[in-house]
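Contents: one structure, followed by commentary.
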Amino acid sequence: MSYAASDDSAAPARWLPAWATPIGLLNALAPRGGFTERLDLGYGPGARHALDAYLPAAPLPGRPVVVFFYGGGWESGERGWYRFVAATLAARGVLVLVPDYRLFPEVRFPAFLEDGAAAVGWARAHAAALGGNPGRLFLMGHSAGAYIAAMLALQRHWLPVPPAGVIGLAGPYDFLPLHSDTLRAIFGPQDALAATQPINFVTPNAPPMLLATGLCDGVVRPGNSARLAARLRASGVRVVERRYGAMGHRTLLAALAPPLRGPARLLGAPVLRDCLGFIAAGCHRAGCHRDGVTD
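Note that the sequence shown covers residues 131 to 425 in our numbering.
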């Protein structure tokens, strides 16, 4: 099992204008209608303690809420890069919040979990005012962001109220031993590393999870998702496992964007459909309705 020392593949190339980068193009082609944006909302005192909110148009009471954590190897990332993810979900009836969090080398484990927990706490406190239902709050993340979502959900001391579910896309959940100096610096001494692995915190009280991975992922090995899914099942936790044969680490997330969604589905990777289906099923189990969440 392995995890790359740094996954900054989503970062726009500094020598290109933003619109000409792959992620810039995905954002430029993201939905423009069906939602409104509220940017730069502070959830804490620091420069990295801010989030963007994407509110479905004409919100119905009790929309499901998704807090999306982006990846970047705990070293890079900005919430604005992932507008295409939030816009896609918001246009389909989901209230989406995308927080920044502190990164290495400014901080090390578990500071990014502290920030994630603070962002989720803010989301739960403000969801109703934004047209969402805090009882239908889901955590979602890609790569290092999926790690943050899983750790917050599995280590129960982070969140007083557990999420309705977790969506993990290409997440590292069981990635010892560490193979880079950067990861060793981020996660600390060898004798403490067991406490950094999400798989070690599975209990029967864990929330339902959707774990998706691309079988062509060479950054976060698919076995991370398979092992966590197996541990969850063994504990009696509901888990939906999706393995997409033609998807790699970056294309798994990009499959949420309109230009790539059709080709991805033709390749057997209906990532958006699976995410929305998981959210709708979680709402149904909580005794609510789809409330306009559509694929």
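All C-beta atoms, glycine included, are put in the ideal place defined by N, C-alpha and C.
* Where T166 and L185 are concerned, what is the direct C-alpha to C-alpha distance, given to the nearest angstrom? -> In a straight line, the C-alpha of T166 is about 5 Å away from that of L185.
Check: Rounded to a whole number of angstroms, what is the C-alpha to C-alpha distance between F268 and Y303?
Finding: Linking F268 to Y303 through their CA atoms gives a straight-line distance of about 18 Å.
**Prompt:** Taking Cβ to Cβ, would you say A274 is nearer than 7 Å to G154?
**Reply:** In terms of Cβ geometry, A274 and G154 do not form a close pair [threshold 7 Å].
Exercise. Under a Cβ-count criterion, where at least 16 other Cβ atoms within 10 Å of its own Cβ denotes burial, should A276 be classed as buried or exposed?
Worked result: Burial call: buried.
Problem set entry | Integer-rounded CB distance, given that V226 should sit under 8 Å from A216 | Sure, about 4 Å apart at Cβ, within 8 Å.
| said: If I follow the unbroken beta strand (DSSP E) through M281, where does it start and stop? | reply: Note, M281: premise wrong, no beta strand (DSSP E); alpha helix (DSSP H) at A274 to L284.
Open item on the list: Residues in the same chain with beta-carbon distance under 8 Å from G398, minus the five sequence neighbours each way, listed in chain order, please.
Closed with: Answer for G398: Y374, G375 and A376, listed in chain order.
Notebook entry, point to check: Expressed to the nearest angstrom, what Euclidean distance is found between the alpha-carbon atoms of M281 and P393?
Noted result: Straight-line Cα distance between these residues: approximately 32 Å.
(message) Extract the residue ranges of the beta strand (DSSP E) inside the segment 267 to 341, only unbroken runs of 3 or more that lie entirely within it.
(response) DSSP runs (the beta strand (DSSP E)) wholly in the segment 267 to 341: 295 to 299.
Counting C-beta neighbours from all protein chains within 10 Å, is the total for T343 16 or more, i.e. buried, or is it exposed? It is buried - the Cβ of T343 has at least 16 other Cβ atoms within 10 Å.
- request: Going by DSSP, name the residue or residues bridged to P194.
  value: As far as DSSP is concerned, P194 takes part in no beta bridge.
Which residues in the same chain have their Cβ closer than 7 Å to the Cβ of I316, if we skip the five residues on either side of it in sequence?
Excluding sequence neighbours, I316 sits near W204, F234, R238 and F239.
inquiry  = My assumption, with CB atoms under 8 Å, is that A180 sits in contact with G164. Please give the rounded CB distance.
reply    = Between the beta-carbon of A180 and that of G164 there is about 24 Å, and that puts the pair past the 8 Å contact cut.
Which ranges does the beta strand (DSSP E) cover as unbroken runs of at least 3 residues, wholly within the segment 222 to 260, from first to last along the chain?
Runs of the beta strand (DSSP E) inside the segment 222 to 260: 225 to 229.
V369 beta carbon less than 7 Å from that of L362: Closer than 7 Å, so yes.
Check for me: the beta strand (DSSP E) holding R395 runs from which residue to which? R395: not part of any beta strand (DSSP E); member of the alpha helix (DSSP H) spanning P388 to L396, first to last residue.
* To do: May I ask which residues mark the beginning and end of the alpha helix (DSSP H) holding L358?
  => Segment G353 to A364, the alpha helix (DSSP H) holding L358.
Discussion item. Taking contact to mean 3 or more Cβ pairs, one atom from each stretch, closer than 8 Å, check whether the segment 323 to 330 and the segment 250 to 259 are in contact.
Written reply: No, the segment 323 to 330 does not touch the segment 250 to 259.
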